[in-house]
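Visitor: So the sequence shown is numbered by our numbering: it starts at 437 and just counts up by one.
Quick one: structure below, then a few questions.
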Amino acid sequence: MSDAFGGWVLDHHAVAAWARVQPHAQALVWSAMEVGMTVVVPAAVLPLAYADTAEREHDVLGELLELPVTVFDPLTADEAPEVGQVLATALDPAALTRDALALAHVVHAASRRGWPVLTGNSAGLRALNPGLDLDELP
437 MSDAFGGWVL DHHAVAAWAR VQPHAQALVW SAMEVGMTVV VPAAVLPLAY ADTAEREHDV
497 LGELLELPVT VFDPLTADEA PEVGQVLATA LDPAALTRDA LALAHVVHAA SRRGWPVLTG
557 NSAGLRALNP GLDLDELP
């Protein structure tokens with residue numbers, strides 16, 4: 437899938453919202469499908485998304501990863517130092533909770549691409565990068 441038309445990066449809240457079939461997350465992904473945009477799912481968000489959804493929703497979560505517009509952003513050994521730097525330079529470390537690593541990976545993926553993030557934790561993302569373009573889940 438080409439990302440020439442841009443796209444969105446999803447945090448674990450957005451991925452969980454997709455799995456729960458919540459309108460905002462569903463609309464964003466289906467709109468991306470219609471216009472040929474890319475949806476990025478960073479690897480570090482998946483464990484939290486699975487933890488935050490019921491087992492009956494896991495198939496729907498898995499379907500997101502199979503869509504032709506979805507790009508899985510791995511967290512490799514080469515990228516680990518960059519994601520670690522995102523965590524190390526947090527403006528407000530107290531705003532980070534159990535999702536710190538996942539949010540750092542989201543920041544890394546969004547910053548690298550220059551794309552907005554669909555999120556349920558704007559405070560945590562702002563603590564890591566106050567300049568990110570965010571769309572907060574309702």
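The C-beta atom is built at its ideal place from N, Cα and C for all residues, glycine as well.
1) Tell me, to the nearest whole angstrom, how far the beta carbon of Val457 is from that of Val496; I am working on the premise that it is less than 8 Å.
2) Rounded to whole angstroms, what's the CA-CA distance from Ala485 to Asp528? Just pull it up for me.
3) Report the rounded CA-to-CA distance for Trp551 versus Thr474, giving the unit in angstroms.
4) On a Cα-Cα basis, can you pick out the residue from Val543, Glu572, Pro574 and Trp454 that is closest to Leu563?
5) Given this structure, state the Cα-to-Cα distance separating Leu554 from Leu570, to the nearest angstrom.
Guide: Reading off the structure:
1) Taking the first residue of the sequence shown as position 1, residue 457 is located at position 21. Taking the first residue of the sequence shown as position 1, residue 496 is located at position 60. Cβ-Cβ separation between Val457 and Val496: approximately 7 Å, consistent with a contact (criterion under 8 Å).
2) Residue mapping note: residue 485 aligns to position 49 of the sequence shown, counting from 1. Residue mapping note: residue 528 aligns to position 92 of the sequence shown, counting from 1. Using only the alpha carbons, I get a separation of about 23 Å.
3) Mapped onto the sequence shown, residue 551 falls at position 115. Mapped onto the sequence shown, residue 474 falls at position 38. Looking at the two C-alpha atoms, the distance is approximately 10 Å.
4) One-based indexing of the sequence shown puts residue 563 at position 127. The identity of residue 563 in the sequence shown is Ala, whereas the question assumes Leu. Nearest to Ala563 by alpha-carbon distance, out of Val543, Glu572, Pro574 and Trp454, is Val543.
5) Along the sequence shown, read from residue 1 onward, the residue named residue 554 stands at position 118. Along the sequence shown, read from residue 1 onward, the residue named residue 570 stands at position 134. Here the alpha carbons of Leu570 and Leu554 stand approximately 6 Å from one another.
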